[in-house]
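In my numbering, the protein residues as written are 5 to 265.
See the structure below:
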């Protein structure tokens, strides 16, 4: 089953995966890494404040850029897994948004206490070759250090962000290049079942545009085989991020308890 955390021979990876996924092999991750690209957008003006709310809501993991990871360490340490963003460098002022480079070494991420790292993989645009080559290099380094790699796979051609064929290809490419977890958009249709099954790794559904009911999106993704969610704007962009996280935890983990019961 694609939503099951794979048992690997690399002990470091397995140990860190267990900090991200609960015993039900599911996880609620909150992405708070947007400011490196977009600046202090609403909800991310104070990183310490939003991290406190996310942790209080019961998130299993939080995605942070290196600077925020260092600044907020005492807030999440021992309470929430740290996932460090290791690719980026372009901003919203750059029309070539896919111009990503490595912004944090795996050694630096380990020094920050990372339980995993996350890197982008772009498919279908001019940046594809460089992006995927870098993703492969990062995967190799991660496995030498025993650090799980989350590949955030994005169809970058215009109009293809939520195209089932493109998402499916992108997700599978992440597996083929050595990732341990896939983060990607879903279509919100039954096509997601095949996308998730064919990626052969635990699949974290990305949140996408702001929704009035993030928990419903999470429930839908879980029902179609996802191992959890990695939502950003749908958490920090709301009036009560802590409650949104609680609702997501209920949708992702309580559903499992009901199934098991």
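Where is the CB? At the ideal position from N, CA and C, for every residue including glycine.
Reduced DSSP secondary structure (H/G/I, E/B, other) of residue i
i	result
residue 26	coil
residue 70	helix
residue 235	strand
residue 185	strand
residue 91	strand
residue 113	helix
residue 208	strand
residue 165	coil
residue 254	helix
residue 36	coil
residue 12	The predicted position of residue 12 is uncertain, since its pLDDT is 49 and thus under 50; no value can be drawn from it.
residue 220	helix
residue 105	strand
residue 45	coil
residue 127	strand
residue 55	helix
residue 152	coil
residue 229	coil
CA-to-CA distance, residue j to residue i, given in whole angstroms
i	j	result
residue 24	residue 114	15 angstroms
residue 5	residue 186	Reliability fails at residue 5, whose pLDDT of 45 lies under 50, so the model's placement of it is uncertain and no value is given.
residue 12	residue 232	Bear in mind that the predicted position of residue 12 carries a pLDDT of just 49, short of 50, making it unreliable; the figure below should be weighed with that in mind. Approximately 20 angstroms between the Cα atoms of the pair.
residue 140	residue 125	10 angstroms
residue 19	residue 111	17 angstroms
residue 214	residue 146	32 angstroms
residue 230	residue 200	6 angstroms
residue 75	residue 52	8 angstroms
residue 47	residue 35	12 angstroms
residue 64	residue 72	17 angstroms
residue 118	residue 167	32 angstroms
residue 89	residue 256	23 angstroms
residue 197	residue 228	5 angstroms
residue 254	residue 22	19 angstroms
residue 249	residue 50	18 angstroms
residue 176	residue 204	7 angstroms
residue 150	residue 243	38 angstroms
residue 70	residue 104	16 angstroms
Exposed unless 16 or more other CB atoms sit within 10 angstroms - verdict on residue i
i	result
residue 178	buried
residue 91	buried
residue 237	buried
residue 57	buried
residue 193	exposed
residue 220	exposed
residue 135	buried
residue 15	exposed
residue 148	exposed
residue 258	exposed
residue 251	buried
residue 66	buried
CB contact flag (residue i, residue j, <9 angstroms)
i	j	result
residue 183	residue 208	no
residue 86	residue 37	no
residue 245	residue 61	yes
residue 210	residue 235	yes
residue 159	residue 143	no
residue 218	residue 29	no
residue 225	residue 32	no
residue 108	residue 127	no
residue 163	residue 195	no
residue 83	residue 59	yes
residue 155	residue 129	no
Check: residue i C-beta below 8 angstroms from any heavy atom of the ligand SAH
i	result
residue 21	Absent from the structure shown: the ligand SAH. Ligands present: none.
For residue i, the nearest candidate out of the options (CA to CA)
i	options	result
residue 45	254, 96, 104 and 253	96
residue 99	71, 81, 131 and 120	131
residue 106	65, 138 and 47	138
residue 116	104, 80, 129 and 127	80
residue 202	212, 180 and 216	180
residue 94	39, 26, 157 and 27	39
residue 169	190, 156, 150 and 155	190
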